[in-house]
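Down below is the structure, laid out as structure tokens.
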């Protein structure tokens, strides 16, 4: 795999020849090629940014390498060559192992870690402090959007962190596929709280859509006709339009976002609620239903199936 | 009060003089001047339709009389003079007492009762049969929209019933303030099932919005900023835009729709679910929270306060 890195030095050399080009400011790393990481990193490569990628499962990097990304075999080698490193991994533990598994040790001073994962606000604080201690920067930039939205460059990013870092990274997020970047200010934990609230709201909508469709169908009403009305009127929002369709058609395989990941996020919501002594009965109900689905052996279906988890 | 009716006979006489004017086809009755009935009947009067009104509390008819509506002192006297009678009252029992309190006995054969109330699908079936037995027609036309939407002529009606009746009434619903009329076919109970699903979905959104705002605020996040984002992106729908504002500002007084009425509707949802052997955990949760608010002495605040009902 080491050999795969050879194009980089050639590329850097050619970049250095152009005196007006600050290659260090635009040399970008990307860690985590999951359902969202893949289309986001593809957007970055397509925008012409020099991109270095790392993924735990190397096979997922092949398609990106064909598009011009430079494949790295360790987080350390990626981190040492980039001014800005994006990461998007599945949970808090995975993100901490990225940071402690080479990123923190090898990112240069003033390097920026842009963290897109959905994690606890407290984890964001912890990682911010770790990077700060090395003279590096950490920006919270959790992302809203399914893989289709990423491919269509219609992602929404919530960002929080130091003002100059937010401003510096915004154009890169546009290249990554943002239709909009929403600024939540200096408090590093704010964007992740917003992301948790957003995912809780989506999951709530999924449960409500699911219950409405079952009630309509069992009452002899054409639920498709009903949602044709609702998604053009009171509920004319992407969440309802996209998910009512999926739930009506019961297209729960080939998940854009799995129940297992949904449950992880609802667990984070309830953990955050607990940390501020807040009782969230609807979040609790969603947790119960998602647990039922996971325990019934369906952890990998789309999370829009949440209402199927309810015990009859 | 009887004297109030005298302008009608003069008016009917003058209408009869115009041979091209079929006054019976356009003479409309309106029963129920509540929060929604008032702006809807005002729309009908403003559209130039001859309108006869009845309300249990007579004082509520004064403003409409000033706009040209003819005030009736009994349901019987109204029913005997109208080809089409709209009704919008608070619950199934109130509607049945309207039908059995003069409407059924005095509406002429081929007269149409357009029923806008939120009621059980089974009640719609029952009233359809009663009218049918008298050679009259019953159309289910439950309405979506708060009083402000009625005044702005942005109501959505779901209709079900006989096809020719649906077609005949559609233009009148436009005059009543419809931005759209959604046709759910011949089965008389369909539109009311859709209405129950719709109100359940709204109440679910209210609970979710409320929990999200409390979590954000308790976590130190500017919840207004958060909803500024969410209501322009994932949740860019009227329900979320209108209610996130109300909940953020905690404007629960001067209710557009009270918790008491919300609880009534959620009870209907659960009754309907029970009748088709369906378990709806989210509807159950909403019922519990609304009951808490009603029992804590706040039955008349806006139903968007639902999440405040959750026991800590």
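Chains as they are written, first to last, in this note's numbering: chain A, 667 to 978; chain B, 667 to 978.
The beta carbon of each residue, even a glycine, is placed where N, CA and C say it ideally should be.
This structure is a prediction, so every number in the text was calculated from the model and none was measured.
{"Asked": "DSSP three-state assignment for residue 822 of chain B, whether helix, strand or coil", "Found": "strand"}
{"Asked": "Residue range of the beta strand (DSSP E) that includes residue 730 of chain A", "Found": "That residue, residue 730 of chain A, is in no beta strand (DSSP E); its alpha helix (DSSP H) goes 728-732."}
{"Asked": "Selected residue, minimal CA-CA separation from residue 790 of chain B, among B/956, B/710, B/855, B/796", "Found": "B/855"}
{"Asked": "Helix, strand or coil at residue 799 of chain B [DSSP, three-state]", "Found": "helix"}
{"Asked": "Closest Cα partner of residue 889 of chain A within the set A/911, A/697, A/810, A/955", "Found": "A/911"}
{"Asked": "Per DSSP, the bridge partner or partners of residue 804 of chain A", "Found": "A/779"}
{"Asked": "Euclidean distance between Cα positions of residue 940 of chain B and residue 884 of chain A", "Found": "11 Å"}
{"Asked": "Closer than 7 Å to chain A by CB, residue 874 of chain B", "Found": "yes"}
{"Asked": "Minimum Cβ-Cβ distance from residue 884 of chain A to chain B less than 7 Å", "Found": "yes"}
{"Asked": "For residue 717 of chain A, the first and last residue of its enclosing beta strand (DSSP E)", "Found": "717-720"}
{"Asked": "Reduced DSSP category for residue 736 of chain B - H, G, I as helix; E, B as strand; rest coil", "Found": "strand"}
{"Asked": "Endpoints, the alpha helix (DSSP H) within which residue 893 of chain A is located", "Found": "889-896"}
{"Asked": "Alpha-carbon to alpha-carbon, residue 804 of chain B and residue 777 of chain B", "Found": "9 Å"}
{"Asked": "Spatially closest choice to residue 807 of chain B from B/698, B/835, B/916, B/781, by CA coordinates", "Found": "B/781"}
{"Asked": "Sub-7 Å separation of residue 810 of chain B and residue 847 of chain B beta-carbons", "Found": "no"}
{"Asked": "Interface positions of the region 887-905 of chain A facing chain B (Cβ-Cβ less than 9 Å), listed along the chain", "Found": "887, 888, 889, 891, 892, 894, 895, 896, 897, 898, 899, 900, 901, 902, 903, 904, 905"}
{"Asked": "Whole-angstrom distance between residue 943 of chain B and residue 828 of chain B, CA atom to CA atom", "Found": "28 Å"}
{"Asked": "Separation of residue 719 of chain B from residue 1037 of chain B, as counted between CA atoms", "Found": "Summary: the structure shown does not reach residue 1037 of chain B, with chain B confined to residues 667 through 978, and so no result is reported for it."}
{"Asked": "Pair within 7 Å by beta-carbon distance, residue 949 of chain A and residue 866 of chain A", "Found": "yes"}
{"Asked": "Bridge-paired residues (DSSP) for residue 695 of chain A", "Found": "A/718, A/751"}
{"Asked": "Residue-level contact to chain A via CB, residue 969 of chain B, 7 Å cutoff", "Found": "no"}
{"Asked": "Beta-carbon proximity of residue 882 of chain A to residue 892 of chain A, cut-off 7 Å", "Found": "yes"}
{"Asked": "Short CB-CB distance (under 7 Å) between residue 944 of chain A and chain B", "Found": "yes"}
{"Asked": "Sub-7 Å separation of residue 901 of chain B and residue 818 of chain A beta-carbons", "Found": "no"}
{"Asked": "DSSP three-state assignment for residue 809 of chain B, whether helix, strand or coil", "Found": "strand"}
{"Asked": "Sequence-distant residues of the same chain with beta carbon closer than 6 Å to residue 843 of chain B, five excluded per side", "Found": "706, 709, 816, 819, 821"}
{"Asked": "Limits of the alpha helix (DSSP H) - the one that residue 849 of chain A falls within", "Found": "Counting along the chain, residue 849 of chain A falls outside any alpha helix (DSSP H), though it belongs to the beta strand (DSSP E) covering 844-849."}
{"Asked": "Nearest neighbour of residue 695 of chain A, chosen from A/972, A/724, A/701, A/742 [CA to CA]", "Found": "A/742"}
{"Asked": "Within-7 Å CB hit, residue 813 of chain B to chain A", "Found": "no"}
{"Asked": "Cβ pair residue 783 of chain A, residue 755 of chain A closer than 7 Å", "Found": "yes"}
{"Asked": "Backbone CA spacing between residue 725 of chain B and residue 794 of chain B [nearest angstrom]", "Found": "31 Å"}
{"Asked": "Reduced DSSP category for residue 841 of chain A - H, G, I as helix; E, B as strand; rest coil", "Found": "helix"}
{"Asked": "Three-state secondary structure assigned by DSSP to residue 688 of chain B", "Found": "Any reading at residue 688 of chain B is ruled out, since the residue's pLDDT is 48, under 50, leaving its predicted position unreliable."}
{"Asked": "CA-to-CA distance, residue 946 of chain A to residue 933 of chain A, given in whole angstroms", "Found": "12 Å"}
{"Asked": "Three-way DSSP call (helix, strand, coil) for residue 924 of chain A in this model", "Found": "strand"}
{"Asked": "Cβ neighbour criterion (16 or more within 10 Å) applied to residue 920 of chain B", "Found": "exposed"}
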